[in-house]
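Colleague: The sequence shown begins at 1 in the UniProt record's numbering and counts up by one.
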Amino acid sequence: YRKTPHIFYLCRYLPQVYDSKHRRGPIAKQMKMDLRNVKLNISLLFIFFFFLYSSSTVYSLAQTNAQIRKNSLIPKENPFTVKASLVRYWNKQISNKLPKPDFLFSKASPLSAADAAFFTNLATQKSLSGHISTFCSSAKLFCFSESNPYLDNTPSKDADFAVYNNKKFATYGSGRLGGGDGFKNYSDGINFATGEFTKYSRSSTGHHEDFTSYAADGNVATGNFTSYAAGATGGGGTFQSYMPRVNVPDLRFASYDSDGNNHKLSFNSYVSDTNSGRESFISYAKNGNGVPAEFTTYGDTSNVIGSSFNGYGESGNAANDSFKAYSSNSNNPNNNFKNYGSGGNSGIDSFESYRDAANAGSDTFTSYARGSNTGKVNFLNYGKSFNEGKDIFKGYGSQGAKFPSVGFKVYGVNNSFKEYSPKGVNFAGYTKKTGPTTGSLKTSGKTVNKWVEEGKFFRESMLKEGTVMKMPDIRDKMPGRSFLPRTISSKLPFSTKELTEVKSIFHAQENSTMEHVIGNTLAECERAPSPGETKRCVASIEDMIDFAVSVLSHNVVVRTTDNVAGATGEVMIGKVKGINGGRVTKSVSCHQSLYPYLLYYCHSVPKVRVYQADILNVDTKAKINHGVAICHVNTSSWSPGHGAFVALGSGPGLIEVCHWIFENDMTWAMAD
């Protein structure tokens, strides 16, 4: 029936066709007519299906041809580009077929195939330095020049530098009589803020300089005050809200106020809330007469700030320096006073609430007030850290010091006095170690938390649906950069032994901010790993993949927090999912390091639990973010002074500690 449908039609007439009586009758004639009609209908039906099939075939071919033409209009990616090479490497190294991480691939080098080959050849020949400007712009690197032109050095009237960026001032204001210059909102909120004040206000009389809200909220800020106000008489300089909330401050005061006469300097709210920087005072107020310096809330709530006072107030007369609330509430401040006040006459130094309520920290006083005459130093509530710091006094007030007067009142523990003058030194209320440090942490946690941002560390029990908690500032403060192709990064020097060569490539001048940035990162990358830690600094995505695979396996997934919504505010935890079933596992966490090209510090983190959590608006309950959190189950090798224990209480090995993965940081784990 399916092959010959007309047979079914004819079967209706079979009884009559074979009836002998009617074989030639009317039925037979009717049958012949019906057969002719059937044949005609079959012919028409065949023609209809033929045209139907033909038209569908033509349409299908036309559609295929149109799709081919459309696809031919889409440019195919050059297989020799950096990204194409990266995709092939990912497919080779990663065994699962999960979607590739766009947030990671977006950090790949933007160099074209031709540019990548060109710069690779230059790197091989060690000739990149001559093309550094083009290289930095083409490869999207973080490079900056410290050779900006100087401003006019002969101003005729007072200057107001408001909303001003990155200038050099050489012999500016020299010999001025009275008046003043104001630097307000100078270089605020820019990525790299730099200001160079060479021989500024030199030999002036009664001239004032005011630096207010200088380089606030910048990423890398540098200020170079060389021979500033040298030989000046009267007047003064005020640094108020100077470089607050800067990621990497770098301040250098060389020969500042040298040979000056009563030119007062005031640092008020100086480098507060900053991270990992340095301030250097070399030959500050040397040979000065009555040159007072006042440091109020200097380095307050900062993280790892290093200050160096070398030859400060040396051979000065009647210097009066006050350090009030200096490095208070800060994390691990390091201050070095070398040859401070040596050979001075009737100098007065006051340290009040110095490094008070700080976490750990270190101060070194070498040859302090050595050979001075009637020097007076008062330490009031000095070094009362919540976690023990370290203070070394070597050659303090000794060797020829006449009538020194040194008072230590309520002075902290863990201090060493070597070769100090036994006469004229008074210790009143000197603190002795009486118990474990963690006791003070629990009773005074609110005070210490000034420098540990709320929400930066939390307990695992907080990761439950419905929990309201403070989200820390997870925003990326680093400058935008890209990875280098491994063909280039593998050919660049990368070690402290090769620092000179690295500086030459990136045009980092001696004692410049760039030199400081490069040196710090290289030292951190070469630091010995902590017990149980495996670490590596990676300069390409391929290197990061290799390290993650070597620790975990080829079946891995990399994750990060989606965005920065909710940062610094109250948020609600939504749905929570434990990675690898919420079991204790191993992960590789990668954090950005500051360097000319994108560089990550990656380290294996054993015994952790990794979570993904929806982050909701507290009021509307709407999802605003999708966060990744990691909980360290074993904290036994952590320092007692770690910020997590200061914020949460307890100590190493006693509690687990959790934190969010910040913007542009990431964590790798085995795929579920």
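Glycine is no exception: its CB is placed at the ideal position from the N, C-alpha and C atoms.
Beta carbon of residue 263, beta carbon of residue 216: below 8 Å?
Modeller: Taking the C-beta atoms as reference points, residue 216 is found no nearer than 8 Å to residue 263.
Colleague: Can you tell me whether residue 672 is buried or exposed? The criterion is at least 16 other CB atoms within 10 Å of its CB, across all chains shown.
Modeller: So residue 672 counts as exposed.
Colleague: Helix, strand or coil: how does DSSP classify residue 497 here?
Modeller: helix
Colleague: Could you please give me the residues that DSSP links to residue 545 through a beta bridge?
Modeller: Looking at the DSSP assignment, residue 545 forms no beta bridge with any residue, so it has no partner.
Colleague: Roughly how many angstroms lie between the CA atoms of residue 674 and residue 580, to the nearest whole one?
Modeller: This structure does not reach residue 674, given that the chain is present from 1 up to 672, and the question cannot be answered.
Colleague: Taking the CB atoms as reference points, tell me whether residue 235 and residue 206 lie closer together than 8 Å.
Modeller: yes
Colleague: In the DSSP assignment, find the beta strand (DSSP E) that holds residue 586 and state where it starts and stops.
Modeller: 585-593
Colleague: For residue 92, does the count of other Cβ atoms within 10 angstroms reach 16, so buried, or fall short, so exposed?
Modeller: exposed
Colleague: Could you check whether residue 514 and residue 225 sit closer than 8 Å to each other, using their CB atoms as the reference points?
Modeller: no
Colleague: Looking only at C-alpha atoms, which of 634, 541, 650 sits nearest to residue 641?
Modeller: 650
Colleague: Apply the 10 Å Cβ neighbour rule to residue 57 and answer buried if 16 or more other Cβ atoms are within range, or exposed otherwise.
Modeller: Interpretation of residue 57 is limited by its pLDDT of 47, a score under 50 that renders its predicted location unreliable; the figure taken from the coordinates is listed afterwards. Counting Cβ neighbours within 10 Å, residue 57 comes out exposed, since fewer than 16 surround it.
Colleague: Using only the alpha-carbon positions, how far apart do residue 459 and residue 578 sit?
Modeller: 15 Å
Colleague: Figure out for me which residue from 548, 623, 570, 469 has the closest Cα to the Cα of residue 590.
Modeller: The shortest Cα separation from residue 590 among 548, 623, 570, 469 belongs to 548.
Colleague: Just tell me which of 109, 82, 96, 90 has its CA closest to the CA of residue 555.
Modeller: 96
Colleague: Tell me which residue opens and which closes the alpha helix (DSSP H) that residue 136 is part of.
Modeller: 132-139
Colleague: Closer than 8 Å by C-beta to residue 128: which residues in its own chain qualify, once you throw out the five before and the five after it? Chain order, please.
Modeller: 119, 122, 135, 492, 505
Colleague: Please go through the same chain and pick out, in chain order, the residues whose beta-carbon is closer than 7 Å to the beta-carbon of residue 633, but skip the five residues on each side of it.
Modeller: 584, 607, 608, 609, 656
Colleague: Can you tell me which of 597, 532, 200 puts its alpha carbon nearest to the alpha carbon of residue 635?
Modeller: Among 597, 532, 200, the Cα nearest to that of residue 635 belongs to 532.
Colleague: According to the Cβ coordinates, are residue 539 and residue 489 closer than 8 Å?
Modeller: Between residue 539 and residue 489, the C-beta spacing is below 8 Å.
Colleague: Could you tell me the boundaries of the alpha helix (DSSP H) in which residue 601 lies?
Modeller: Counting along the chain, residue 601 falls outside any alpha helix (DSSP H), though it belongs to the beta strand (DSSP E) covering 599-616.
Colleague: Restricting to Cα atoms, I'd like to know which of 454, 230, 124, 481 is closest to residue 109.
Modeller: 481
Colleague: Report the option in 552, 659, 142 whose CA atom is closest to the CA atom of residue 454.
Modeller: 659
Colleague: With a CB to CB cut of under 6 Å and the five nearest residues on each side skipped, what residues in its chain are close to residue 81?
Modeller: The answer, listed in chain order, is 113.
Colleague: Could you compute how far the alpha carbon of residue 102 sits from the alpha carbon of residue 211?
Modeller: 43 Å
Colleague: Rounding to the nearest angstrom, what Cα-Cα distance links residue 125 and residue 228 in this structure?
Modeller: When rounded, the distance between both Cα atoms is 43 Å.
Colleague: Helix, strand or coil for residue 660, going by three-state DSSP, please let me know.
Modeller: strand
Colleague: Leaving out five residues on either side along the sequence, give the residues of the same chain with a beta carbon under 7 Å from the beta carbon of residue 470.
Modeller: The beta carbon of residue 470 is closer than 7 Å to those of 454, 455, 570 in its chain, skipping five residues each way along the sequence.
Colleague: Less than 8 Å between the C-beta atoms of residue 564 and residue 475, yes or no?
Modeller: Yes; because the gap between Cβ atoms is below 8 Å, this pair is in contact.
Colleague: Compare the C-alpha of residue 497 against each of 520, 111, 670 and name the closest.
Modeller: The shortest C-alpha to C-alpha distance from residue 497 to any of 520, 111, 670 is the one to 520.
Colleague: From the DSSP secondary-structure annotation, give me the bridge partner or partners of residue 668.
Modeller: 558, 588
Colleague: Between 105, 525, 621, which has its C-alpha nearest residue 534's C-alpha?
Modeller: 525
Colleague: In whole angstroms, what is the alpha-carbon distance linking residue 98 and residue 485?
Modeller: Between the alpha carbons of residue 98 and residue 485 lies a distance of about 24 Å.
Colleague: So, with DSSP's three-state summary, where would you put residue 94?
Modeller: Three-state result, residue 94: coil.
Colleague: Return the first residue and the last residue of the alpha helix (DSSP H) that residue 514 is part of.
Modeller: Counting along the chain, the unbroken alpha helix (DSSP H) around residue 514 starts and ends at 513-526.
Colleague: CB-CB under 6 Å to residue 645, same chain, minus the five flanking residues each way: which ones, in chain order?
Modeller: 651
Colleague: Distance check for residue 240 and residue 179, CA to CA, integer angstroms please.
Modeller: 19 Å
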